[in-house]
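K.L.:
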Amino acid sequence: METRDILMVPVYFSSSSSGMVRGFAERLRRPVFDLAVREVRQSVPEGPWVLLTPSYVTGNPLNDTIPEPVKRFLSRPRTRRLMVGVMGSGNRNFGAHYQAACRHIARASRRPVLLEFELQGTLEDVEQARRVLTVVDRRLAGITRPGQS
Ligand SMILES: Cc1cc2nc3c(=O)[nH]c(=O)nc-3n(C[C@H](O)[C@H](O)[C@H](O)COP(=O)(O)O)c2cc1C
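Note that my numbering numbers the sequence shown so that position 106 is 106, with each residue one more than the last.
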């Protein structure tokens, strides 16, 4: 298979009005979908996809940090099955809750945490995300096996 035939795995993201994750997603140079948009939230991906989520500690008894749009999107079993990895934006100031949403979803779904970064991410974080997603693209295309890049 030629390199140009490799599909780019889409990234579905959630972001609040502060827009840090949105800004990061828009710098990935690949298809990205905003879960704030109802049609996106209600859709089912056509193939493998990656989740990009912030964490928001709410103070409720469960200390639930998963944004509501992410919960809704993940409520469909087929959508959950097609998810191939999770990336998280967080803030180390939240201590034990750092990246709680990303880590919880990865653990519960047995999918890998592909990348964690703080706030809107640095240039290096964006470049790292592009590299990691390219590895995912290549694995999905059957070009590399796990452990290779
Ligand atoms: C009220 C509030 C709660 C937050 N809770 C957490 C948290 O539990 N864990 C964490 O790692 N980051 C936490 N953060 C940091 C955000 O996840 C981080 O800033 C993220 O980049 C926000 O993305 P967004 O601007 O796209 O919504 C919190 C931020 C706010 C304002």
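The beta carbon of each residue, even a glycine, is placed where N, CA and C say it ideally should be.
State the Cα-Cα distance for the pair Ser43 and Met83, rounded to the nearest angstrom.
P.N.:
Against the sequence shown, residue 43 aligns to sequence position 43. Against the sequence shown, residue 83 aligns to sequence position 83. Rounded to whole angstroms, Ser43 to Met83 spans 14 Å at the Cα level.
K.L.:
Quick one: what does DSSP say Ser109 is sitting in, helix, strand or coil?
P.N.:
Along the sequence shown, read from residue 1 onward, the residue named residue 109 stands at position 109. Of the three classes helix, strand and coil, the one that applies to Ser109 here is helix, per DSSP.
K.L.:
When DSSP labels each residue in this structure, what does Leu7 get in the three-state scheme?
P.N.:
Locating residue 7 in the sequence shown gives position 7, where the first residue counts as 1. Residue state, collapsed to three classes: coil.
K.L.:
Can you tell me the Cα-Cα spacing of Gly90 and Phe13, whole angstroms?
P.N.:
In the sequence shown, counting from the first residue as 1, residue 90 sits at position 90. In the sequence shown, counting from the first residue as 1, residue 13 sits at position 13. If you take the alpha carbons of Gly90 and Phe13, they lie about 13 Å apart.
K.L.:
Counting pairs of Cβ atoms below 8 Å between the stretch 65–73 and the stretch 23–31, do you hit three or more?
P.N.:
No: the two stretches stay apart, fewer than three of their Cβ pairs being nearer than 8 Å.
K.L.:
Quick one: measure Cβ to Cβ for Leu51 and Val86, integer angstroms, because I've assumed they're closer than 8 Å.
P.N.:
Taking the sequence shown and counting its residues from 1, the one referred to as residue 51 is at position 51. Taking the sequence shown and counting its residues from 1, the one referred to as residue 86 is at position 86. The Cβ separation is near 5 Å, so the contact holds.
K.L.:
When you compare only the Cα positions, how much space is there between Ala100 and Arg92?
P.N.:
To locate residue 100, count along the sequence shown from 1; it is residue 100. To locate residue 92, count along the sequence shown from 1; it is residue 92. Each residue's alpha carbon lies about 11 Å from the other.
K.L.:
Considering only the beta carbon of each residue, do Arg80 and Ser55 sit closer than 8 Å?
P.N.:
The residue you call residue 80 lines up with position 80 of the sequence shown. The residue you call residue 55 lines up with position 55 of the sequence shown. Against a cut-off of 8 Å, the Cβ pair of Ser55 and Arg80 comes out as no contact.
K.L.:
Going by beta carbon distance, what residues of the same chain come within less than 6 Å of Gly121, once the five residues before and after it are set aside?
P.N.:
Your numbering for residue 121 matches position 121 in the sequence shown. Answer for Gly121: Phe24, listed in chain order.
K.L.:
Can you pull the DSSP bridge partners for Met83?
P.N.:
Taking the sequence shown and counting its residues from 1, one reaches residue 83 at position 83. Paired residue(s): Trp49.
K.L.:
Can you find a C-beta in chain B that's less than 8 Å from the C-beta of Glu26?
P.N.:
Among the chains of the structure shown, chain B does not appear; only one protein chain is present.
K.L.:
Provide the residue(s) that pair with Asp34 in DSSP beta bridges, ordered along the chain.
P.N.:
Taking the sequence shown and counting its residues from 1, the one referred to as residue 34 is at position 34. Asp34 pairs with Phe13.
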